[in-house]
Amino acid sequence: MVQDSLGILLGFFVAVTLQVLLFDHINLFGFSCPSVYLFFIISYRFDRSQFFLILLGFLLGFVLDIMQSSSGANTIATLLISFIRPWVIRFSFGIISDSNSLLSMKSRMGNQALYIGLMILIHQFVLQSVAYFDVTHTTLILRNTLVNTALTFILLLATLNLTKKKN
Amino acid sequence: MQWILNIIIQKRNLLLFLFLLGIGIVFSSYRSSYHQSKLQRFGIIISGGIFKSINNSKSYLSLTESNQSLLAENSTLHQELLQYKQAENLISESTNPELNNYLVRSATVVKNSYAKARNIIIIDKGTSDGILKDMSVVGPNGIIGIIKQTSAHFSSVISILYQDFSINAKIQGKGAFGSLSWEGYDPTRMVLSDVSIINTIAVGDTIETGGMSAYFPKGIPIGTIIDLETPTSGGYYNIEVALLNNLTDLKHVYIIENKKRSEFIDLQKKSEDGTR
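Below is the structure:
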């Protein structure tokens, strides 16, 4: 139990550190920045407490908002995907998945990609909508959502494959 | 009573989500309030400290490049200074600090953002270095932004790449004034609006600060016109401006203190009160 909690704490710390120090500086095409910290929420075991995940999702977004001097978009977006994650899991894998962890899952790659893609797409759409908060910037919101989703998706799939090999 | 507890236990995830969402929305909406200032000041101290350490290591690795850039900038400044002295014969007067309205301090950028809707830059100078809120910040080739918040050793700067922020600007050598703002698409482009079509302007003209506010001194270069549209209806040009400063690669900036800013603001306030 203690080892489990320490693992989550370490994952949280690594996600924040890598995002702030490394991935926030990528700025592909001058505007695109991947949200690789989502790996922490996506890879959180399915059988662990959702209550705890909602708290962690909120804290993760809040810490990133503070570190990026942004206005709260990360907090709301990360909190929302932590809350809706069970529905996304059911939609992607069906009622019962073959494993409780994405890291040891043997389901078809398509299901895993659908789950990761949906989580990133919803997160990015909420993040950009809250950041711009103006309907006149719909094109910009959609452009940033799609490009950031694609970039984050590629990086998260690569991270997932690397982590799986290690296990 | 029991059923209320049952509902709370059953719906605890939803209740926690709604509670935290409320906090998140309040956190977002307090963007310009006391609470936000406190949180952001804390954020500046933390992220400023971390990014300063990283920046120290990074700048050590790029010392040669930085030195070359500083040397080039210094030589241009020296050349301009000499030209002014020669032209106006102000050698003795320019050494008298009382005659200078503006005081310039240099700072190093420890964190720079340019890919968001509202971009903030963090610099390594704060109140202990004499930096105060609302001072203007310029780079080697033109304006950068305005000091938003300060802590003892760091300050945050509202970048000109910040939606809802506009700057009074004019076309160099002409009397045409307008309002310069960022549309959020490209960190190298801005839009100059409210310039009347009665003015004759052309692609390639230089845009500089208009000096009609207490923030920026008059005549600091901003960019050049790269696209110009004369509307079929309405009396204002649509002007696209390419910035002279590369805001995606900032290392050193200069903070300008306008010594007569409070006098300017007092007079402006009195004038406004008088017209009511």
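Quick mapping for you: the protein sequence lines, in order, are chains A and D. Position one of the first sequence corresponds to residue 210 (the numbering used here), numbered consecutively onward. Position one of the second sequence corresponds to residue -12 (the numbering used here), numbered consecutively onward. For every residue, glycine included, the Cβ atom is placed at its ideal position computed from N, Cα and C. Nothing here was measured: the structure is a model prediction, and the numbers come from that model.
(message) If you follow the beta strand (DSSP E) that R176 (chain D) is in, where does it begin and where does it stop?
(response) Where R176 (chain D) is concerned, the enclosing beta strand (DSSP E) stretches over R176 to S180.
(request) Can you tell me the Cβ-Cβ gap for E195 (chain D) and A156 (chain D), rounded? I've got them flagged as a contact below 8 angstroms. (result) A156 (chain D) and E195 (chain D) do touch by the CB rule: their CB atoms are close to 7 angstroms apart, below 8 angstroms.
(message) With a threshold of 7 angstroms (Cβ to nearest heavy atom), would N128 (chain D) be considered close to the ligand ATP?
(response) Here there are no bound small molecules, and the ligand ATP is not part of this structure.
(message) Please list the terminal residues of the continuous beta strand (DSSP E) segment that includes N186 (chain D).
(response) N186 (chain D) -> no beta strand (DSSP E), and no H or E assigned at all.
(message) Any C-beta of chain A within less than 8 angstroms: which residues of the segment 101 to 127 of chain D qualify?
(response) Residues passing the 8 angstroms Cβ filter: Y101, A102, K103, A104, R105, I107 and I109.
(request) Please work out which residues of its chain come closer than 6 angstroms, Cβ to Cβ, to G198 (chain D), disregarding the five sequence neighbours upstream and downstream, and give them in chain order. (result) Counting only Cβ-Cβ distances below 6 angstroms, and skipping sequence neighbours, we find K205.
(request) For H346 (chain A), go through chain D and note every residue whose CB falls closer than 7 angstroms to its CB, in chain order. (result) Within chain D, the residues near H346 (chain A) are G171.
(request) Find the residues of chain D that neighbour I285 (chain A), judging by a C-beta separation of less than 8 angstroms, and give them in chain order. (result) Residues of chain D passing the Cβ test: L8, G11, I12 and S15.
(request) Measure the CB-CB distance between S34 (chain D) and M276 (chain A) and report whether it falls below 8 angstroms. (result) Yes, these two residues count as a Cβ contact at 8 angstroms.
(message) To the nearest angstrom, how far is the alpha carbon of I108 (chain D) from that of S143 (chain D)?
(response) So the alpha carbons of these two residues sit roughly 6 angstroms apart.
(request) Please compile the residues from chain D whose C-beta is within a distance smaller than 7 angstroms of the C-beta of M328 (chain A). (result) Per Cβ cutoff of 7 angstroms: no residues; M328 (chain A) is ~16 angstroms from chain D at best.
(request) Classify T361 (chain A) as buried or exposed, calling it buried when 16 or more other Cβ atoms lie within 10 Å of its own Cβ. (result) Flag for T361 (chain A) reads buried.
(request) Report the residue from D:A94, D:M122, D:V97 and D:W(-10) whose alpha carbon sits nearest the alpha carbon of R248 (chain D). (result) Per the Cα distances, D:M122.
(message) Could you check whether the Cβ of L364 (chain A) sits closer than 8 angstroms to any Cβ belonging to chain D?
(response) For L364 (chain A), the answer is no, since every Cβ of chain D falls outside 8 angstroms of its Cβ.
(request) Just mark I266 (chain D) as buried or exposed, buried being the case when its beta carbon has 16 or more other beta carbons within 10 Å. (result) There is simply no residue 266 (chain D) to check, as chain D begins at -12 and stops at 263 in what is shown.
(message) So, with DSSP's three-state summary, where would you put S46 (chain D)?
(response) Taken through DSSP and simplified to helix, strand or coil, S46 (chain D) comes out as helix.
(message) Check this for me: beta carbons of S180 (chain D) and S168 (chain D), under 8 angstroms apart or not?
(response) In this structure, S180 (chain D) sits near S168 (chain D), with a CB-CB distance shorter than 8 angstroms.
(request) Within the same chain, show all residues whose beta-carbon is closer than 6 angstroms to that of N283 (chain A), passing over the 5 residues directly before and after it, in chain order. (result) Once the five neighbours on either side are set aside, the close Cβ partners of N283 (chain A) are G270, L273 and D274.
(request) Determine the burial state of D256 (chain A): buried for a count of at least 16 other Cβ atoms within 10 Å of its Cβ, exposed for fewer. (result) With fewer than 16 other Cβ atoms within 10 Å, it is exposed.
(message) To test your reading of the DSSP string, which unbroken alpha helix (DSSP H) runs of 4 or more residues are found completely within the segment 268 to 347 of chain A?
(response) 282 to 302 and 318 to 341, all fully within the segment 268 to 347 of chain A.
(message) Tell me which residues share the same chain as E85 (chain D) and place their Cβ nearer than 6 angstroms to its Cβ, disregarding the 5 neighbours each side in the sequence.
(response) Low per-residue confidence applies at E85 (chain D): pLDDT is 42, beneath 50, and the placement is therefore not dependable enough to give any value.
(message) Assuming the contact rule is C-beta atoms closer than 8 angstroms, I131 (chain D) and N232 (chain D) should be a hit. Round their C-beta distance to whole Å, please.
(response) For I131 (chain D) against N232 (chain D), the beta-carbon gap comes to about 6 angstroms, under 8 angstroms, which counts as contact.
(message) According to DSSP, is F164 (chain D) part of a helix, a strand, or is it coil?
(response) Three-state DSSP puts F164 (chain D) in a strand.
(request) Could you pull the start and end residues of the beta strand (DSSP E) that I147 (chain D) belongs to? (result) DSSP places I147 (chain D) in the uninterrupted beta strand (DSSP E) bounded by S142 to Y149.
(request) Taking C-beta pairs closer than 7 angstroms, name the residues in chain D that G281 (chain A) reaches, listed in chain order. (result) Correct list: G11, F14 and S15.
(message) Given this structure, state the Cα-to-Cα distance separating L77 (chain D) from F38 (chain D), to the nearest angstrom.
(response) Annotation note: pLDDT 44 at L77 (chain D) (below 50); position unreliable, coordinate value reported separately. If you take the alpha carbons of L77 (chain D) and F38 (chain D), they lie about 42 angstroms apart.
(request) Look at the alpha carbon of T63 (chain D) and the alpha carbon of A201 (chain D), and state the distance between them as a whole number of angstroms. (result) If you draw a straight line from the Cα of T63 (chain D) to the Cα of A201 (chain D), it comes to about 27 angstroms.
(message) Counting only Cβ pairs nearer than 8 angstroms, list the residues of chain A close to N0 (chain D).
(response) Ordered by position in chain A, the residues that pass the 8 angstroms Cβ test against N0 (chain D) are Q259, F260, I263 and F292.
(request) Determine the chain A residues that contact L64 (chain D) at a beta-carbon separation under 8 angstroms, and present them in chain order. (result) Under the 8 angstroms cutoff, chain A gives no residues; its nearest Cβ is about 29 angstroms from L64 (chain D).
(request) Could you round the C-beta distance between I147 (chain D) and V240 (chain D) to whole angstroms and report it? I think they count as a contact, below 8 angstroms. (result) The Cβ separation is near 12 angstroms, so there is no contact.
(request) Please name the residue, chosen from D:K(-2), D:F4, D:F152 and D:V124, that lies closest to P208 (chain D) on a Cα-to-Cα basis. (result) The residue with the shortest Cα to Cα distance from P208 (chain D) is D:V124.
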